[in-house]
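Respectively, the protein sequence lines represent chains A and B.
Its first residue numbered 0, the first sequence is counted upward by one per residue in numbering that gives the first Met the number 0.
Its first residue numbered 0, the second sequence is counted upward by one per residue in numbering that gives the first Met the number 0.
Even glycine gets a Cβ: it sits at the ideal position worked out from N, Cα and C.
Worksheet: the structure to be examined is printed underneath.
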Amino acid sequence: MKVLLKRYRVLIITAVAIGILTIVNSQIGFKALSISAYSFKEMMLVIPPVFILLGLLDVWVPKETMIKYMGEGSGIKGVVLSILIGSAAAGPLYGAFPVAAVFMKKGVKFSNILIFIGAWSTTKIPMFLFEITSLGAKFAFTRLLVDIPGIIIIAYVLSKLISKEEIEKIYKQAENINK
Amino acid sequence: MSNYILYGITLLLLILSYLKDKKKTKMSLKKAWKAFENILPEFLVVIMLVGVLLAVLNTEVISKIIGSDSGWIGVMLSAVVGAITLIPGFVAFPMASMLLQGGAGYMQIGAFVSTLMMVGVVTMPVEMKYFGKRLTILRNVIAFIFSFIVAYIIGLVVGGI
Numbered sequence: 000m001k002v003l004l005k006r007y008r009v010l011i012i013t014a015v016a017i018g019i020l021t022i023v024n025s026q027i028g029f030k031a032l033s034i035s036a037y038s039f040k041e042m043m044l045v046i047p048p049v050f051i052l053l054g055l056l057d058v059w060v061p062k063e064t065m066i067k068y069m070g071e072g073s074g075i076k077g078v079v080l081s082i083l084i085g086s087a088a089a090g091p092l093y094g095a096f097p098v099a100a101v102f103m104k105k106g107v108k109f110s111n112i113l114i115f116i117g118a119w120s121t122t123k124i125p126m127f128l129f130e131i132t133s134l135g136a137k138f139a140f141t142r143l144l145v146d147i148p149g150i151i152i153i154a155y156v157l158s159k160l161i162s163k164e165e166i167e168k169i170y171k172q173a174e175n176i177n178k
Numbered sequence: 000m001s002n003y004i005l006y007g008i009t010l011l012l013l014i015l016s017y018l019k020d021k022k023k024t025k026m027s028l029k030k031a032w033k034a035f036e037n038i039l040p041e042f043l044v045v046i047m048l049v050g051v052l053l054a055v056l057n058t059e060v061i062s063k064i065i066g067s068d069s070g071w072i073g074v075m076l077s078a079v080v081g082a083i084t085l086i087p088g089f090v091a092f093p094m095a096s097m098l099l100q101g102g103a104g105y106m107q108i109g110a111f112v113s114t115l116m117m118v119g120v121v122t123m124p125v126e127m128k129y130f131g132k133r134l135t136i137l138r139n140v141i142a143f144i145f146s147f148i149v150a151y152i153i154g155l156v157v158g159g160i
């Protein structure tokens, strides 16, 4: 109970703050609540399959396979795979982090994980099609062509900026998170 | 649409897994639940913060900030708005298209769309849980700066500045 209370502490504070906001300005308060309810519905629609797929991946795909395709020394193959998996994804960016944690557990190279996060954030295929229809092909393709090298460069810059010890710490943390 | 595909694939794999090994399937579902429950409080906080942000920053306010002739200041402001808001793509793209019709510049919209997708200020608590503080901040800062490059090139190619 105490542990539960501690974990949900920030949530409780946020809820109380929104409650106060609603009392002070009911218009904004109710609007905020209805938008939250809408986002919650959206989250509950996308999240269950993502996590079930994660569980299946964790149980069925051996570490050696993942290392071979996306681990150290996987080279361009690993980079391309990371972009493809990230682009095929559905759902908001925060859905990508649990996937990244399982990738770490499976020994995927750090820069490939960062590429995957970048691809998930910005080159998602379903969103790309939608972008073409609303903002035009020229806009969407220009963005895509700048983003793909950008994602790769950002991933390498980040993995250079972070020390080996820090990366190890992050990997160890991932071990514990999905237990 | 993409949701149906996702559910279809998940269901198919789940059935395959169940036919092959019941115990392993049970274990994977247990792991899925644990991973979800682990991040649930952060998820809920993020969702509530987004609700408040979007209630305050409506389309009218946003279009006022990044209207036409706002120049680099407009680019900067739209990048900031994109970075702190978390609008789903199927809302953001039509909104961006409306803003363009309403007179916003391509460069501003480019910055807005780019930071909206790559930078997530409100989702940082979730990101930190997985990647730690330093990496999270670094990734978001670099993605923010990168968005200006994206904006400039989009302005150059699409907007013809």
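Contact list for residue i against chain B, beta-carbon separation under 7 Å
i, result
"Leu80(A)", "In chain order: nothing, as chain B lies at least about 17 Å away."
Alpha-carbon spacing of residue i relative to residue j, whole angstroms
i, j, result
"Gly109(B)", "Ala95(B)", "9 Å"
"Met75(B)", "Gln107(B)", "8 Å"
"Leu53(A)", "Ser25(A)", "40 Å"
"Leu213(B)", "Leu155(B)", "Residue 213(B) falls outside the range modelled here, since chain B spans only 0 to 160, and no answer is possible."
"Val80(B)", "Ala154(A)", "24 Å"
"Leu128(A)", "Leu4(A)", "43 Å"
"Val161(B)", "Ile14(B)", "Residue coverage of chain B in this structure runs from 0 to 160, which leaves residue 161(B) outside it and unanswerable."
"Gly94(A)", "Thr64(A)", "23 Å"
"Pro148(A)", "Leu18(B)", "42 Å"
"Val2(A)", "Met117(B)", "33 Å"
"Ile66(A)", "Ala31(B)", "22 Å"
"Ala139(A)", "Tyr37(A)", "27 Å"
"Glu130(A)", "Leu52(B)", "23 Å"
"Met42(A)", "Ser69(B)", "35 Å"
"Pro61(A)", "Gly106(A)", "10 Å"
"Asn175(A)", "Leu134(A)", "42 Å"
"Pro87(B)", "Ile34(A)", "12 Å"
"Met47(B)", "Thr13(A)", "7 Å"
"Ile17(A)", "Lys21(B)", "44 Å"
"Ile19(A)", "Leu83(A)", "45 Å"
"Ile153(B)", "Leu10(A)", "39 Å"
"Tyr161(B)", "Pro48(A)", "In this structure chain B extends from 0 to 160, so residue 161(B) is not present and cannot be described."
"Ile144(B)", "Tyr151(B)", "11 Å"
Residue i - containing alpha helix (DSSP H), residue span
i, result
"Ser135(B)", "The amino acid occupying residue 135(B) in the given sequence is Thr; Ser does not appear at that position. Its alpha helix (DSSP H) spans residues Lys132 to Ile153."
"Ser73(A)", "Taken as a continuous stretch (DSSP letters only), Ser73(A) belongs to no alpha helix (DSSP H), as it is neither H nor E."
"Leu3(A)", "Lys1 to Arg6"
"Ile114(A)", "Phe109 to Thr121"
"Asp20(B)", "Per DSSP, Asp20(B) belongs to no alpha helix (DSSP H) and is neither H nor E."
"Gly81(B)", "Gly70 to Ile83"
"Lys163(A)", "Lys163 to Ile176"
"Lys137(A)", "Ala136 to Leu160"
"Thr122(B)", "Run containing Thr122(B): none; DSSP gives neither H nor E here."
"Ile179(A)", "Past the edges of chain A, shown from 0 to 178, lies residue 179(A), and the structure says nothing about it."
"Gly109(B)", "Tyr105 to Met117"
"Ala99(A)", "Ala95 to Lys104"
Contacts around residue i, its chain only, beta-carbon distance under 8 Å, and the 5 residues preceding and following it disregarded
i, result
"Lys23(B)", "Ser16"
"Ile8(B)", "none"
"Leu99(B)", "Tyr105 and Ile108"
"Leu44(A)", "none"
"Ser27(B)", "Ser16"
"Met127(B)", "Thr135"
"Val45(B)", "Leu85, Val121, Thr122, Pro124 and Val125"
"Val138(B)", "Residue identity check: residue 138(B) is Arg in the sequence provided, not Val. Excluding residues within five positions, the ones whose Cβ falls inside 8 Å are Glu126 and Phe130."
"Ile83(B)", "Leu52, Val120 and Val121"
Cβ shell of residue i (< 7 Å), same chain only, five flanking positions each side left out
i, result
"Leu85(B)", "Val49, Gly119, Val121 and Thr122"
"Ser86(A)", "Ala118, Thr122, Lys123 and Ile124"
"Tyr170(A)", "Met103"
"Val101(A)", "Leu53, Leu56, Asp57 and Asn177"
"Lys108(A)", "Met69, Gly70, Glu71, Ser73 and Gly77"
"Leu143(A)", "Thr122 and Phe127"
Under 9 Å by beta carbon: chain B residues contacting residue i
i, result
"Ile27(A)", "Val51, Ala54 and Val55"
"Ile19(A)", "Those within 9 Å of Ile19(A) in chain B number zero; the least Cβ separation is about 11 Å."
Listed by chain order, chain A residues near residue i by CB distance under 9 Å
i, result
"Leu12(B)", "Ile51, Leu52, Leu55 and Trp59"
"Ile148(B)", "Val145 and Gly149"
"Leu85(B)", "Ser38, Pro91, Leu92 and Tyr93"
Interface residues of chain A facing residue i [CB-CB closer than 7 Å]
i, result
"Met106(B)", "Within 7 Å Cβ-Cβ: nothing; Met106(B) doesn't reach chain A, min ~11 Å."
"Met117(B)", "Ser120 and Thr121"
"Val140(B)", "Within 7 Å Cβ-Cβ: nothing; Val140(B) doesn't reach chain A, min ~10 Å."
"Met26(B)", "Val58"
"Ser96(B)", "Ser133 and Leu134"
"Gly102(B)", "Near Gly102(B) there are no residues of chain A at all, since even the closest Cβ is about 15 Å away, more than 7 Å."
"Ser16(B)", "Leu55 and Trp59"
"Glu126(B)", "Phe96"
Close beta carbons around residue i, own chain, < 6 Å, minus the five adjacent residues each side
i, result
"Ser77(B)", "Ile65, Gln107, Ala110 and Phe111"
"Glu165(A)", "none"
"Ser113(B)", "Ser146 and Val149"
Proximal residues of chain B, C-beta to C-beta of residue i below 8 Å
i, result
"Gly169(A)", "This sequence places Ile at residue 169(A); Gly is not what is there. Within chain B, the residues near Ile169(A) are Tyr129, Phe130, Gly131 and Leu134."
"Glu165(A)", "Gly131, Arg133 and Leu134"
Contact set between residue i and chain A, taken where Cβ atoms lie within less than 8 Å
i, result
"Lys63(B)", "None at all; the shortest Cβ gap to chain A is about 17 Å."
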